[in-house]
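Colleague: Right, I'll just put the structure down here and ask away after.
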Amino acid sequence: MERPQPSTVAIGAIAIPVLVGAAVSVLLGVYAKTHDPSAFSVNIAGFSGPQAVKAWLATVAFAFALFQFVSALAMYGKLPGISAPSWIGTAHVWSGRLAVLASVPVAVHCLYALGFQQYDNRVLAHSLLGCFFYGAFVAKMLLLTRKGLPGWVIPVAGGLVLTGLTGLWLTSSLWFFQNNGLTF
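Shown next as structure tokens:
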């Protein structure tokens, strides 16, 4: 039996958002690499400095992203013995919004104050993951507006966003906490 081929419309519905996301990734990387870092920093009263602010905001974003993962599993019926409560869809959407909201000051600080850095492998990976995360996020948001996509598309896009944010957290916040303790 021959497998049905995906329609040109379905391929375009996926390819265009992915290409836009890739363009966002590249543009962020080019901008971060070519501008002169301004030493602009994000700071919030009560924190010891901008690095602590970034580490904690990224941790908040990561915690919301982990909730997104668990809530997506519940919505897709992938948690054995657990049925998704009626509020889980709304909580999933809002946790995603809050995750991105918490990540924006961190990204602004990284872009303007530091730029794209590559002086060691951790920092290079962090710079690449930052560009990847926002590109994957843009692609996912655009894919969410498309109707009739294959069922695997949104979970894969969400998984890529989570993978990017996890890598960012591991190469920044976890590193900061390992070197400075759980300081504010």
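Per numbering that gives the first Met the number 0, the sequence shown starts with residue 0, numbered consecutively.
Cβ atoms here follow ideal geometry from the backbone N, Cα and C, with glycine treated the same way.
Bear in mind that the values here come from a model prediction, so they are computed numbers and not experimental data.
Helix, strand or coil, according to DSSP, for S82 in the structure here?
Modeller: Walking along the sequence shown from the start, residue 82 turns up at place 83. Three-state result, S82: coil.
Colleague: Grab me the residues of V152's own chain with a C-beta within less than 7 Å of its C-beta, minus the 5 sequence neighbours each way, in chain order.
Modeller: Position 153 of the sequence shown holds residue 152. Around V152: I13, L142.
Colleague: Does K146 come out as helix, strand or coil in the three-state DSSP assignment?
Modeller: Residue 146 sits at position 147 when you count from the first residue of the sequence shown. Three-state DSSP puts K146 in coil, outside helix and strand.
Colleague: So, are the CB atoms of A53 and H125 less than 8 Å apart?
Modeller: For the purposes of this step, residue 53 is identified with residue 54 of the sequence shown, where counting begins at 1. For the purposes of this step, residue 125 is identified with residue 126 of the sequence shown, where counting begins at 1. The displayed chain sequence assigns Lys, not Ala, to residue 53. Not closer than 8 Å, so no.
Colleague: What residues in its chain sit with their C-beta under 8 Å from that of Q117, if we drop five residues either side in the sequence?
Modeller: Numbered from 1 along the sequence shown, position 118 holds the residue referred to as residue 117. Cβ within range, chain order: L123, S126.
Colleague: What's the gap between the Cα of G129 and the Cα of G76?
Modeller: Within the sequence shown, the letter at position 130 stands for residue 129. Within the sequence shown, the letter at position 77 stands for residue 76. Taking the straight line joining both Cα atoms gives about 31 Å.
Colleague: Where do the N-terminal and C-terminal ends of the alpha helix (DSSP H) with W55 fall, by residue?
Modeller: Locating residue 55 in the sequence shown gives position 56, counting from the first residue. Looking at the DSSP string, the run of the alpha helix (DSSP H) that includes W55 is 49 to 74.
Colleague: Could you have a look at Q177 and say whether DSSP puts it in helix, strand or coil?
Modeller: Here residue 177 corresponds to residue number 178 of the sequence shown, with the count starting at 1. Of the three classes helix, strand and coil, the one that applies to Q177 here is helix, per DSSP.
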